[in-house]
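Engineer: Numbering (UniProt numbering), first residue to last: 1 to 338.
Heads up, the beta-carbon is just placed ideally off N, CA and C, and yes, glycines get one too.
Predicted model only: the values in this text are computed from it and were never measured.
And the structure:
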């Protein structure tokens, strides 16, 4: 563990699971203003009762790789009200934790926590707080828009597209192709993941002037109606009588009539249908600009798995921005810390 983090009163650590491997993502231990040790676990699964329990499970958003399906069942869970609602819709279980607004402030375990939007999904939330010695800590989860994120001393962030040596990590949203599709083809199907991307698509096509009904697969429809304030006329598949725009998960495109124009809204190239680049993430340039703007003394890159956290941390270090990736964090919590 870098001495620099410890000097700022922060211990980043990972806990082991029942199989001897590491639980997903990581936890932070620090002292509250009241001088009490506090543990916040970030986007991780619940800890067995026989182990040291965190004070809170921070859930940045409701995508499955951020493990809200597990953490939502704990009374110690913290997330935005929209994230809690999305978790309940996606997994059919009651959210048992505490929820709050985005751009909110609240007290938890003697810590004043503030929330900020990240633009990744409806309700996606960054968490910000200070420890006993005044170190400003910011946990972002995945980010699309960092314009409202505050400066901090310790940044915990993602690297979904953080490999500067990978050409797929450089992209811009192709709004013009989507605009042309909406203008020329009212009868087309767009492949978009049910949570996050489907709602972004609805927002975008409405901004581009599409006012007719949009047919959607059942869960995409429920999430869109609950997550968006004004989605317009969105209905179930087949309810608009055809000749309309349709939004379904990418794997459902093949179930639609063969004559329907089909596109996947993704930067990936391994789908059988042509793609239009619409991303819910920053590319490597955006991630780098975000770190520079937020200006932390130290960055911990914790998401996703694989090599990209290490690649992005190395990239930041080459730029003179001190960073470490989650695969370098091997600590098991020591009761002697602080």
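1) For a quick check, are the C-beta atoms of residue 343 and residue 89 less than 7 angstroms apart?
2) Taking the alpha carbon of residue 51 as the point to measure from, which residue in 15, 214 and 181 has its own alpha carbon closest?
3) Can you pull the DSSP bridge partners for residue 255?
4) Going by other Cβ atoms of all chains shown within 10 Å of its Cβ, with 16 needed for buried, is residue 258 buried or exposed?
5) Assign residue 227 to buried or exposed, taking buried as 16 or more other Cβ atoms, counted over all protein chains shown, within 10 Å of its Cβ.
6) Assuming residue 302 and residue 42 make a contact with CB atoms under 8 angstroms, what is their CB distance in whole Å?
7) So for residue 18, helix, strand or coil by DSSP?
8) Does DSSP put residue 93 in a helix, in a strand, or in coil?
9) Using 8 angstroms as the cut-off, can you tell me whether the segment 126-135 makes contact with the segment 7-14, which would need three or more C-beta pairs spanning the two stretches below that distance?
10) Could you please give me the residues that DSSP links to residue 290 through a beta bridge?
11) Express the C-alpha separation of residue 125 and residue 192 in angstroms, rounding to a whole number.
12) Just to confirm, is the Cβ distance from residue 177 to residue 276 under 7 angstroms?
13) Which of the three DSSP states is assigned to residue 315 in this structure?
14) Which residues bound the alpha helix (DSSP H) around residue 175?
Structural biologist: The short version:
1) It is not possible to answer for residue 343, since the shown part of the chain is limited to 1 through 338.
2) 15
3) According to DSSP, residue 255 bridges with nothing at all.
4) exposed
5) buried
6) 7 angstroms
7) coil
8) coil
9) yes
10) Residue 290 pairs with nothing; no bridge assigned.
11) 21 angstroms
12) yes
13) helix
14) 175-184
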